[in-house]
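These notes are about the structure you will find just below.
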Amino acid sequence: MKVQEAARRMRRLSWYVLGAMALLLYFFVFRRFRIPKLDHPGMRAVPSILIPGERHLIDRKPPERLQRDWVVLFQGRDGGVAFSRVRGLPGETLRIVGDKVQLLDRKGAPIPLPAELDPRSLRVYGRIPEGRYFLLNEDLGAPFADSRRLGWISRRQVQFRVLFALGKAR
561 MKVQEAARRM RRLSWYVLGA MALLLYFFVF RRFRIPKLDH PGMRAVPSIL IPGERHLIDR
621 KPPERLQRDW VVLFQGRDGG VAFSRVRGLP GETLRIVGDK VQLLDRKGAP IPLPAELDPR
681 SLRVYGRIPE GRYFLLNEDL GAPFADSRRL GWISRRQVQF RVLFALGKAR
């Protein structure tokens, strides 16, 4: 009798633990991360990670400080949204030397850019202000705006971070 009672208590306790774990998953994982099917014309700006019609793992609340090479969806000042890759961080310097564009870290060391940029295409250059970022499309010919046309992008304009593609949506 005592063994059966103890077994019943253990089962009840395991249900409580399972329920608590489900609540933790909901509040700390599912509310922050989503797996939507992304299909937006702006996905062509970052073809290495954004595959139209496939599901992607996104972080709806990226950290306050973005990291280089993250792919983000941001809202432009005109209200439109676009995908782009973080290339320049606050405190770094975007400068023009002759007919070349260079990105320098805080210590002045060069950071390679994915392609040669035309200095005439830049709207802004100089030291990247705190809380702002230099975003650049992988496909420089894509008809979607990035920092070349919009200038520095503030952290508040970033809506989410794309972590990776998961595969075909069903």
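Read left to right, the sequence shown gives residues 561 to 730 (our numbering).
Idealized CB from N, CA, C, for every residue including glycine.
Bear in mind the structure is a predicted one, so any value in this text is a computation, not a measurement.
In the displayed model, Lys660 falls within a strand according to three-state DSSP. According to DSSP, Ser644 shares a beta bridge with Val632. Under the three-state reduction of DSSP output, Gly579 falls in the helix class.
Secondary structure note for Arg709: its alpha helix (DSSP H) is the uninterrupted segment Ser707 to Leu710. Counting C-beta atoms within 10 angstroms of its own C-beta, Pro703 has fewer than 16 neighbours from the protein chains shown and is therefore classed as exposed. According to the DSSP assignment, Glu624 belongs to no beta strand (DSSP E), since it is labelled neither H nor E.
Between Ser707 and Leu696, the gap from beta carbon to beta carbon is short of 8 Å.
If you draw a straight line from the Cα of Glu624 to the Cα of Leu677, it comes to about 28 Å. For Ala725, DSSP records a beta bridge to His616. Comparing C-alpha distances from Gly658 to each of Pro679, Ile671 and Pro674 shows the shortest one belongs to Pro679.
Counting the other CB atoms within 10 Å of its CB gives Ser644 a total of 16 or more, which places it among the buried residues. Annotation: the continuous beta strand (DSSP E) that includes Tyr693 extends over Arg692 to Leu696.
Per DSSP, reduced to three states, the secondary structure at Leu682 is coil, with no helix or strand assignment.
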